[in-house]
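Asker:
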Amino acid sequence: MNQQMLSLANFTEDNLRAILQALPALIWLKNADGVYLACNGRFEQFFGALEKDIIGRTDYDFVNKELADSFRANDLLAMQKGGLHINEEWISFANDGHRELLETSKTPLYTADGKLIGILGIAHDITKRKQLEKYEKFRSSTLELLAKNIPLPSVLEAIVRGVELLHANFMCSILLLDKEGKHLVDGVAPSLPTFYNQAINGVEIGIGVGSCGTAAFLGQRVVVDDIANHPYWEPYAELAARAGLGSCWSQPILSSELQILGTFAIYHREKNALADLDVYIIEQSAQLASIAIERKRIELKMQHMAFHDALTGLPNRSLLDDRLEQTKAACRRHHRFAAVLFIDLDNFKPLNDEHGHNAGDLLLLEVALRISLCVREVDTVARFGGDEFVVILSDLESELTHAEQLACDIAEKIRASLSAPYQINISNTHKQTCVQHHCTASIGVVLLRHLQHNDIDIIKLADQAMYQAKATGRNKICFLDSKP
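Residue numbering for the sequence shown is 1 to 484, as defined by the UniProt record's numbering.
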């Protein structure tokens, strides 16, 4: 037993200091008057002095009076409480000037008979923990923002500004990949110079196209600590220098299916190396941007599906009704005429019967394209259902005769286009078959007048006109007046 106690005593005496020196926390011991009795190496870094030069002195010998007063006040609180006292404080380290947020625990020490010896202090760096807590709070608020009907650019700017608020030395940007997947566009970078944002908007991605162009091309994070001396930035060295940029870390924004949507980048004014916490921030920020982009794209897709035909992509009946109301309002406002064309294919069913609905769908796609090529950008082409289409000719002439002539000319252009032979390539698991099909169209045309009878069912009238065209032999145009 005595031998065991001796070994423990030897261990305590020989190794206690080594253990304290190895701990990452700041550890120190003061007497009741605030005079240092001991400290470890981490504490030496804070004061920028060796332990032998710290022992026997007080805080007032190393830091300014305001900070020393706060240290002394916390010491006295711990001694008055007679127990553990915890506080948080920002500390600048004398050895290299860096700052840390410390959680400081001060515990009064007593002799066996209850006499106060002094204070034991232990301080842990909680900078990373607090930053992560702040980031998680920011992340949660951003996710809540996504639930609201806010435009995507505003959401992306909120992400950028939110990260910059958490890290004062960050300048962030989000760039989106265009539909072709070749260019970075629609930049959101409020802290970067306008001339810089304008210069990189539309840049084609590739290796050596800065950090973002390279990251988007490779699909992996690109870290450039020193822009002025990195080959990826050679083509943009002058631009970056003019913008005062020293480093750029770029993270690709990936969809849930790992498709590249764009990039999230963090810039610094000076050269800057990527730290562990920075990796977490840039990855999480890119993920937030991904969630925002995908969510908005899904919303747009759902809106499109609600108002467009699934096969042809043309407006459906719901959107057609809305466009028609807009056209009526424009007619009243500008005192111009409009027209509605109702189109029905004359020889569509035999194709479906002989070659199946896939062939019919391919023909309908071609019909939709041909009609669209015959009208103006201001006009509306909609699929009414089955093999029926409706065209709204907006903003025709203000003079009746000219408006009628223009409507008839466009209708004839459509009729002639739809009567040309169709080449339908039908694919199946065994072979591909090319089918030639002849399909004409019967078209009913009704002029929409701007001064009267705007409550009339103009589409129903155009449908009646279409049936008259069929009755006269098909592949015809029948014009009806909307007057009672």
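In this text, a Cβ means the ideal position worked out from N, Cα and C, and glycines have one as well.
Owing to the predicted nature of the structure, the values given are computational and were not obtained by experimental measurement.
1. Ignore the nearest five residues each way along the sequence and tell me which others in V446's own chain have a CB closer than 7 Å to its CB.
2. So S92 is in the beta strand (DSSP E); what residue range does that whole segment cover?
3. Please report the residue range of the beta strand (DSSP E) in which F264 lies.
4. Rounded to whole angstroms, what is the Cα-Cα separation between G444 and V209?
5. Pairing CB atoms from the stretch 186–195 with CB atoms from the stretch 271–280, are three or more of them under 8 Å?
6. Kindly indicate which three-state DSSP category F11 falls into: helix, strand or coil?
7. Taking S250 as the reference, give the member of I282, A243, E257 and A241 with the closest Cα.
8. Just to check my reading of the structure: C434 and Q423 have Cβ atoms closer than 8 Å, yes? What is that Cβ distance to the nearest angstrom?
9. Under the three-state reduction of DSSP, which class applies to S250: helix, strand or coil?
10. In its own chain, which residues sit with a C-beta less than 7 Å from the C-beta of K476, not counting the 5 before and 5 after it?
11. Using the three-state DSSP reduction, which class does T380 fall into: helix, strand or coil?
12. Do you know whose CA, among T380, G386 and G385, lies nearest D395's CA?
13. Between H437, I27, H430 and L165, which lies nearest to D346 when the distance is taken from Cα to Cα?
14. Name the one or two DSSP bridge partners that S105 has.
15. What's the gap between the Cα of F62 and the Cα of N40?
16. Go ahead and pull the three-state DSSP assignment for I443.
17. If we count the other Cβ atoms within 10 Å of its Cβ and call it buried at 16 or more, is A289 buried or exposed?
18. Grab me the residues of N425's own chain with a C-beta within less than 7 Å of its C-beta, minus the 5 sequence neighbours each way, in chain order.
19. Return yes when the Cβ of L176 is within less than 7 Å of the Cβ of G262, no when it is not.
20. Hey, S285 and V378: beta-carbon distance below 7 Å or not?
21. Let me know if Y196 comes out buried or exposed under the rule of 16 or more other beta-carbons within 10 Å of its beta-carbon.
22. Who are the Cβ neighbours of N169 in its own chain at under 7 Å, not counting the five residues just before and after it?
23. Between the Cα of A368 and the Cα atoms of E354, S141 and I343, which residue gives the shortest distance?
24. Give the DSSP-derived three-state secondary structure of S394 in the structure shown.
25. Check each candidate in D225, L101 and V35 and name the one with the smallest Cα separation from Y60.
26. Assign I174 to one of three DSSP states: helix, strand, or coil.
27. Cutting at 8 Å between CB atoms, please list the residues of its own chain near I260, excluding the five before and the five after it.
28. Are the beta-carbon atoms of I122 and A49 separated by less than 7 Å?
29. Span of the beta strand (DSSP E) holding T433?
30. Within 10 angstroms of its Cβ, does M5 collect 16 or more other Cβ (buried), or is it exposed?
31. Please identify the residue among E399, E133 and S256 whose C-alpha is closest to the C-alpha of C331.
32. Might you give, ordered along the chain, the residues of its own chain that have their beta carbon closer than 8 Å to the beta carbon of C408, omitting 5 neighbours on each side?
33. In this structure, does DSSP put R297 in helix, strand or coil?
34. List in chain order: all unbroken alpha helix (DSSP H) runs of 4+ residues lying wholly within the UniProt domain "PAS" (12–82).
35. What are the partner residues of F389, as DSSP defines its beta bridges?
36. As an exercise, report each continuous beta strand (DSSP E) stretch of at least 3 residues that is fully enclosed by the stretch 212–239, in chain order.
Answerer: Walking through what the data contain:
1. Taking C-beta separations shorter than 7 Å and ignoring five residues to either side along the sequence, the partners of V446 in its chain run A339, V340, I458, L461, A462, A465, L480 and S482, following chain order.
2. Where S92 is concerned, the enclosing beta strand (DSSP E) starts and stops at H85 to S92.
3. Start and end: I260 to H268.
4. Here the alpha carbon of G444 sits roughly 56 Å from the alpha carbon of V209.
5. Because the criterion of three Cβ pairs below 8 Å is not met, the stretch 186–195 and the stretch 271–280 do not touch.
6. Because the pLDDT of F11 is 49, which lies under 50, any placement of that residue in the model is unreliable, and the question is left without a value.
7. The residue among I282, A243, E257 and A241 with its C-alpha nearest the C-alpha of S250 is I282.
8. Right, their Cβ atoms sit about 6 Å apart.
9. Shown here, S250 sits in a strand according to DSSP, grouped into three states.
10. Short of 7 Å from the beta carbon of K476, and not among the five residues preceding or following it, lie these beta carbons of its own chain, in chain order: S442 and A469.
11. Strand.
12. Looking at the Cα atoms, T380 is the closest of the given residues.
13. Of H437, I27, H430 and L165, the residue nearest in Cα terms is H437.
14. I86 and I122, per the DSSP bridge assignment.
15. Answer to the nearest angstrom: the Cα atoms are 16 Å apart.
16. In this structure, I443 counts as strand in the three-state DSSP scheme.
17. Flag for A289 reads buried.
18. Around N425: Q432 and C434.
19. Less than 7 Å divides the Cβ of G262 from the Cβ of L176.
20. Using a Cβ distance threshold of 7 Å, S285 and V378 do not count as a contacting pair.
21. Buried.
22. Only H268 meet the Cβ criterion.
23. Measuring from the Cα of A368, the nearest candidate turns out to be I343.
24. Collapsing the DSSP output to three states places S394 in coil.
25. The shortest C-alpha separation from Y60 is found at V35.
26. DSSP places I174 within a strand segment (E or B) once states are collapsed to three.
27. So the list reads L177, G181, A216, G219, P252, I253 and L254, once near-sequence residues are dropped.
28. In this structure, A49 does not lie closer than 7 Å to I122 by Cβ.
29. Q432 to H437 is the extent of the beta strand (DSSP E) around T433.
30. Only weak support exists for where M5 lies, its pLDDT of 42 falling under 50; the coordinates are left without a value.
31. Ranking E399, E133 and S256 by CA distance to the CA of C331 puts E399 first.
32. So the list reads V445, I477 and F479, once near-sequence residues are dropped.
33. Per DSSP, reduced to three states, the secondary structure at R297 is helical.
34. DSSP runs (the alpha helix (DSSP H)) wholly in the UniProt domain "PAS" (12–82): 41–47, 51–54 and 65–81.
35. Answer by DSSP bridge pairing, in chain order: I343 and R383.
36. Within the stretch 212–239, complete beta strand (DSSP E) segments of at least 3 residues are found at 222–224, given in chain order.
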